[in-house]
Amino acid sequence: MLKVLVFVILGIIAEHISEFLAEDTKIVGGKEVEIKNAPFIVALMSNGRHLCGGSIISKNFILTAAHCTISSKPKELTIQSGSSHKGNGDINYVSHIYNHPQYKEINFDYDFALLKIFGKMFYNENRKAIMLPDEDDETPAGEYARALGWGNTMNPLESSDYLRGVDLMIISYDECKEAYKVYGLEVEHNKVCAIHPDRVDGKDSCQGDSGGPLQRLSDGKLIGVVSFGLGCANVEYAGVYSRVSSVRPWIKSIAHV
11 MLKVLVFVIL
21 GIIAEHISEF
31 LAEDTKIVGG
41 KEVEIKNAPF
51 IVALMSNGRH
61 LCGGSIISKN
71 FILTAAHCTI
81 SSKPKELTIQ
91 SGSSHKGNGD
101 INYVSHIYNH
111 PQYKEINFDY
121 DFALLKIFGK
131 MFYNENRKAI
141 MLPDEDDETP
151 AGEYARALGW
161 GNTMNPLESS
171 DYLRGVDLMI
181 ISYDECKEAY
191 KVYGLEVEHN
201 KVCAIHPDRV
211 DGKDSCQGDS
221 GGPLQRLSDG
231 KLIGVVSFGL
241 GCANVEYAGV
251 YSRVSSVRPW
261 IKSIAHV
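In terms of my numbering, the sequence shown opens at residue 11 and continues consecutively.
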């Protein structure tokens, strides 16, 4: 279900856009990443199958995307952490799902979910929380960030069973909004958009990466959650990420971080 792909054609109206959204997304291009270099990332499993990515924000809370969890029950979900290999690592069971109350499926507005696990995670070099931005923190265009996940690589020679990362450049909100406007898809202010810095096809997050982290390289903070995009690694359309700073009060009210 990761990064939702928007397979739409010109002329469709906004209320039908969600019918064209694929729910199975992955990292395109990029390089393999050792878990010790991204110990905050987790794989969200549904009934034993890979569903989405997520980020550890405390010993008992995971931040992911609402489109990953909106149709799920806690008993169906498990968290795997501490390994670069999908399907490996320690398992934690989900006790509660907190989808953002303002989440809208039609345009993925407020595409956030918090997952509380039973007990607490044991931190080590392969498993620890990522730093969160402040509420007033906005990442300017031109800064670099890294998307991570086990999603579709779109390359038969690249396995999605191993954690991958790709470095992207933040673009302005206005540029991102204009690009998607032609499809009637509104990109809200609580989003941040990123694209390959050379503006070439071939590097992006994609199916299977939804809910995973967009980490700012300058300070290591979690600035985005993989939300949606038009295709994968499409040079004309940046990937769209839910901006974490926009919901800091909500996160604090539930996870107390």
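Quick reminder that beta carbons are idealized off the backbone N, C-alpha and C, glycines included.
Reference residue i; option with closest CA among the options
i, options, result
"glycine 221", "Ile89, Tyr190, Ile264", "Ile89"
"alanine 75", "Gly58, Gly63, Lys46, Tyr172", "Gly63"
"isoleucine 83", "Ile66, Phe122, Tyr103, Lys262", "For clarity, residue 83 is lysine in the given sequence; the question names isoleucine instead. Checked all of Ile66, Phe122, Tyr103, Lys262; the closest Cα to lysine 83 is Tyr103."
"serine 105", "Leu124, Ile205, Glu145, Ile181", "Leu124"
"tyrosine 247", "Tyr183, Tyr108, Tyr120, Gly92", "Tyr183"
"isoleucine 127", "Arg258, Ile107, Asp146", "Ile107"
"glutamate 145", "Ala265, Val197, Val267, Arg258", "Arg258"
"serine 237", "Gly129, Phe122, Pro150", "Phe122"
"alanine 204", "Lys187, Leu195, Gly194", "Lys187"
"tyrosine 251", "His266, Trp260, Glu198, Ala265", "Glu198"
"aspartate 119", "Glu86, Met131, Met55, Leu195", "Leu195"
Local Cβ density within 10 Å of residue i, reported as buried at 16 or more and exposed below that
i, result
"valine 192", "exposed"
"threonine 35", "Note on threonine 35: pLDDT 42, under 50, position unreliable in the model; no value is reported."
"glycine 249", "buried"
"aspartate 214", "Note that aspartate 214 scores a pLDDT of 43, beneath 50, so its modelled location is shaky; the value from the coordinates is reported in the next line. Result: buried."
"arginine 137", "buried"
"glutamine 225", "buried"
"tyrosine 133", "exposed"
"histidine 110", "buried"
"leucine 227", "exposed"
"serine 263", "exposed"
"histidine 26", "Any reading at histidine 26 needs caution, since the residue's pLDDT is 38, under 50, leaving its predicted position unreliable; the model's value is listed next. Exposed is the call here."
"isoleucine 233", "buried"
"histidine 206", "buried"
"asparagine 57", "exposed"
"histidine 77", "buried"
"proline 166", "Any reading at proline 166 must be qualified, since the residue scores a pLDDT of 44, below 50, and its modelled position is unreliable; the value itself is stated next. Exposed, since its Cβ has fewer than 16 Cβ neighbours within 10 Å."
"leucine 20", "Its pLDDT being 29, under 50, leucine 20 is placed unreliably in this model, and the coordinates cannot settle the point."
"aspartate 219", "buried"
"serine 170", "buried"
Bridge partners - residue i, DSSP secondary structure assignment
i, result
"lysine 201", "Ser252"
"alanine 48", "In DSSP, alanine 48 forms no bridge with anything."
"leucine 224", "Ala157, Gly234"
"glycine 64", "Val52"
"aspartate 59", "It should be noted that the sequence gives arginine, not aspartate, for residue 59. Note: arginine 59 sits in a beta bridge opposite Ser56."
"lysine 41", "Gly175"
Test item: CB-CB of residue i and residue j under 7 Å
i, j, result
"leucine 173", "alanine 155", "no"
"arginine 253", "valine 176", "no"
"methionine 141", "lysine 231", "yes"
"glycine 139", "isoleucine 67", "Rather than glycine, the amino acid found at residue 139 in this sequence is alanine. Cβ atoms of alanine 139 and isoleucine 67: closer than 7 Å."
"alanine 53", "leucine 158", "no"
"glutamate 135", "lysine 46", "yes"
"threonine 149", "isoleucine 101", "no"
"glycine 99", "serine 91", "yes"
"aspartate 147", "serine 256", "no"
"serine 93", "glutamate 44", "no"
(Q) For a minimum of 3 consecutive residues, which ranges assigned as the beta strand (DSSP E) are wholly contained in the segment 66 to 147? (A) 71 to 74, 87 to 91, 100 to 109, 123 to 127
Q | 3-residue-minimum beta strand (DSSP E) runs that sit fully inside the segment 167 to 198, ordered along the chain | A | 174 to 181
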